[in-house]
Each structure stands twice: as C-alpha cells, then as structure tokens.
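What follows is a short report on a single structure.
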Amino acid sequence: MTRKTLQALGLVLTAFAGAPLAAQIDGLITLTDTPTGNDIVVTHAPDPVPESASVQEQLGKIAETGSHFNEPVAIFQEKLCPGVMGLPVDIAETIVGRVRYNAERLGVPLAKKEGCKANLVIGFVGSGRSDVQKLDKQTGGLLSELKPDERRALVNDTGPVHAWTVTSTRTRDGAYIHGDDRYGLTQTVNVQSGNSLFLLATREDIELSVVLMDIPAIDGMTVNQLADYATMRGLAKTKGVSGNNAYGTILNLFDPDASHQTELSNFDRAYLTAIYSNMPNVVAAAKFAAVPGLMKKQLAADEDRP
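Residue 450, in the working numbering, is where the sequence shown stops; the numbers in between run on with no holes.
Encoded structure:
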C-alpha cells in the first residue's frame, strides 16, 4: 500500500467518525450478541448434501475473481488488524472481537489487538454511496488503486453495503512486482515462471479491505451477523447476494426478503478455509474445488458434536 493510500485512509476514518453520524445511531438500531425473545431471526433451511456442481455455481456468484484458472485468490498475507468505526465503543469492540475470532479459527495471522493499524476497516455510515462518491472525486484517494471497472461498479452501487479491497500483485515469495495493471490494459509482467498447472508465478495480497454498511439497513441485525458478514466480505473479494441460495450464506444478510443465517454458514466457513489453508499462489479453481469436500467434513463434524 502506498503512502498516499495510508494518508487517504486516515482522512476517510476522520470523515466517517464525526458527531453527526453518532447522532444517527441513537434510537435507530438495536444490536445484541444473540437474538432476544422479541427478535425475529429467520434462519436458512438445512442445506442439502454438498454437490460439486451446485457448490461451484454458488461460488461463481459470490467470488470476485477474474479467471478461476489463471489467477490466484486475493487474501491477506500481512497480519490482520480489524477496526470498526461509527458505532458505540462497546459494540465496536464486540464486533472486532468476533472478527478476530473468525480469523483465528481460519488460520489468518492476527496483529496484536492494541496499537495495530487497521487493514480491515468496518464502517457504519449514514450513506455509503454518498461517502464513496465523495472519495471518487479525490485525486490519489482511497479509490485510486482500484481498476476503473471496479471503481465504477462501486460508485454506481445503490445498495446498503459498499465493500472494496486494495490489492498488490507479488511474486510467489512476496516480493513486489514492477509494473501496474490497474487499468486492465496489459497484465503485470511476471518476473518468475511457474512450473505447475496449479501453482502460479504470482500471488495477490490484500493490503486494505473496507466494508461500509448503511446504518438504516442494519436495524434488527445481531452483532454476530454483522461481524460475520464483514468477515466474509472483508477477508476475501466477495459479493453480496440476494434470495435464498442452494447453500446458506451470510452474504444475503442485506436482502430483507431472504432467509438469513445467524452466523457464518457451513458454505461460508468452507470457502474461507479453502482460500486460506493453501499456498497463496495456488490457482483459484484448485482452491474452489476443495470447498465441497470441506463442507461435507464440517457437516460430519457437526453431526458428531453432542
């Protein structure tokens, strides 16, 4: 991440954490660690036995990866430091704790909680679209390192969640590669060669992940739901989905007409486990192929649990 990006991050944190935003929270949302007797939480029906074709179809809907056969999956390699803005301190700390718990069980390296600089920013804002449009007008700002098509899609998104990642292409050993493929005109030059159909010469590192959620849209959601949604959007380049999918996923949390998970689903956990449990330069298709087996393994473990 460049110095300009870090400076832009500081500016956006300051802009999003102002008093007017805090005023919007009062009387607007009720968040709890778990549903209370008065909360209505609709859960997804039990998932069918995972089948490779249907799992791969769902992966195609949620994964923001270009060519599954020629590109790696972008993941964090630096130690993760989640930070929350726009909520009362006690709730923010609970969300941070939950995200760190999720990361730890997935094997994602964690920075020390005290004093680390956030590289996963979870923001609760009045209007994410308005904030993103303001950022879009800045030269060298937080959106400057996105590819034009990614930037346009983000700015034009009318939904209640705006999420994006800043990534860097590196050699398989982690060295920065000279060149720039932000504009999609040519691929960044590889300075190493790969010797396998499944191992690439490069990897894609997430340097910064931002997830902005509109406060009016989170009314009635639990802390765990919000933290797990941020985990799924922030630890990987994924998209929110709508409707009831073949396999339950926290990614449809912001569709008011869908049945919702109360936490990361079996599908979600299998996906994140698959992309983080192997080498970062493994081709995306190989990691995705492991998801059905991981889902079956987790289902068996759940059945054996008393």
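From the three backbone atoms N, C-alpha and C, an ideal C-beta is built for every residue, glycine too.
Predicted, not measured: the structure shown is a model, and the values here were computed from it.
Exercise. Candidates 366, 413, 365 and 343: which alpha carbon is nearest residue 377's?
Worked result: The residue given as residue 377 occupies position 233 in the sequence shown. Nearest of 366, 413, 365 and 343 to residue 377, Cα basis: 413.
Exercise. Using DSSP with H/G/I as helix, E/B as strand and the rest coil, what is residue 290?
Worked result: Stepping through the sequence shown from its first residue, residue 290 is reached at position 146. When DSSP states are grouped into helix, strand and coil, residue 290 belongs to the coil group.
Exercise. With distances taken from CA atoms, which of 224, 270 and 242 is nearest residue 261?
Worked result: Here residue 261 refers to the residue found at position 117 of the sequence shown. Checking every option, the nearest Cα to that of residue 261 belongs to 224.
Problem set entry | residue 253 versus residue 247: straight-line alpha-carbon distance, rounded | Taking the first residue of the sequence shown as position 1, residue 253 is located at position 109. Taking the first residue of the sequence shown as position 1, residue 247 is located at position 103. Roughly 7 Å separates the two Cα atoms.
For this session: Mind listing, in chain order, the continuous beta strand (DSSP E) runs of no fewer than 3 residues lying wholly within the stretch 183-236?
Result: Assignment of beta strand (DSSP E) within the stretch 183-236, counting only whole runs of 3 or more residues, yields 226-229 in chain order.
For this session: Keeping to the same chain, check which residues put their C-beta closer than 6 Å to that of residue 227; ignore five residues upstream and five downstream.
Result: Position 83 of the sequence shown, counted from the start, is the residue given in the question as residue 227. Counting only Cβ-Cβ distances below 6 Å, and skipping sequence neighbours, we find 262 and 265.
Problem set entry | Rounded separation between residue 293 and residue 448 - CA only | By one-based count along the sequence shown, residue 293 stands at place 149. By one-based count along the sequence shown, residue 448 stands at place 304. Each residue's alpha carbon lies about 46 Å from the other.
Exercise. Closest to residue 303 by CA distance: which of 276, 310, 239 and 419 is it?
Worked result: As a first step, residue 303 must be located in the sequence shown, where it is residue number 159. Closest by alpha carbon: 276.
Exercise. Going by alpha carbons, who is nearest to residue 306 out of 269, 425, 222 and 191?
Worked result: Position 162 of the sequence shown holds residue 306. Ranking the options by Cα distance to residue 306, first place goes to 269.
For this session: Pick out the complete beta strand (DSSP E) segments inside the stretch 345-394, 3 residues or longer, and give them in chain order.
Result: Listed in chain order, they are 346-358.
Exercise. Counting Cβ pairs closer than 8 Å, one from the stretch 213-222 and one from the stretch 417-432, do we hit at least three?
Worked result: In short, these stretches touch, since the Cβ pair count reaches three.
Problem set entry | 6 Å CB neighbourhood of residue 205 in its chain, flanking five on each side removed | The sequence position of residue 205 within the sequence shown is 61, counting from 1. For residue 205, same chain residues with a beta-carbon under 6 Å away, outside a window of 5 residues either side, are 385 in chain order.
Exercise. Should the stretch 231-249 be called in touch with the stretch 272-286, which here means at least 3 C-beta pairs below 8 Å?
Worked result: In short, these stretches do not touch, since the Cβ pair count stays below three.
For this session: Along the beta strand (DSSP E) that carries residue 449, what are the first and last residues, could you check?
Result: In the sequence shown, the residue the question calls residue 449 occupies position 305. First-last for residue 449: undefined, no H or E at that position.
For this session: Indicate the three-state DSSP secondary structure (helix, strand or coil) for residue 274 in the structure shown.
Result: Taking the sequence shown and counting its residues from 1, the one referred to as residue 274 is at position 130. DSSP, read as helix, strand or coil, puts residue 274 in helix.
Exercise. Short check: CB of residue 425 to CB of residue 343, under 7 Å?
Worked result: To locate residue 425, count along the sequence shown from 1; it is residue 281. To locate residue 343, count along the sequence shown from 1; it is residue 199. Against a cut-off of 7 Å, the Cβ pair of residue 343 and residue 425 comes out as a contact.
Exercise. Does the distance from the C-beta atom of residue 451 to that of residue 314 stay below 7 Å?
Worked result: Only positions 145 to 450 of the chain appear in this structure, which leaves residue 451 out of reach.
Exercise. Is it right to say residue 282 is buried, meaning 16 or more other beta carbons lie within 10 angstroms of its own, or is it exposed?
Worked result: Along the sequence shown, one-based indexing puts residue 282 at 138. Only exposed fits residue 282, as fewer than 16 other CB atoms lie within 10 angstroms of its CB.
Exercise. What span of residues does the beta strand (DSSP E) with residue 266 cover, start to end?
Worked result: Residue 266 sits at position 122 when you count from the first residue of the sequence shown. Where residue 266 is concerned, the enclosing beta strand (DSSP E) stretches over 264-269.
Exercise. Can the beta-carbon of residue 279 be found closer than 7 Å to that of residue 286?
Worked result: Within the sequence shown, residue 279 is the residue found at index 135, counting from 1. Within the sequence shown, residue 286 is the residue found at index 142, counting from 1. Taking a C-beta distance under 7 Å as the contact criterion, residue 279 and residue 286 qualify as a contact pair.
Exercise. Helix, strand or coil: which one does DSSP assign to residue 314?
Worked result: Here residue 314 corresponds to residue number 170 of the sequence shown, with the count starting at 1. Strand at residue 314.
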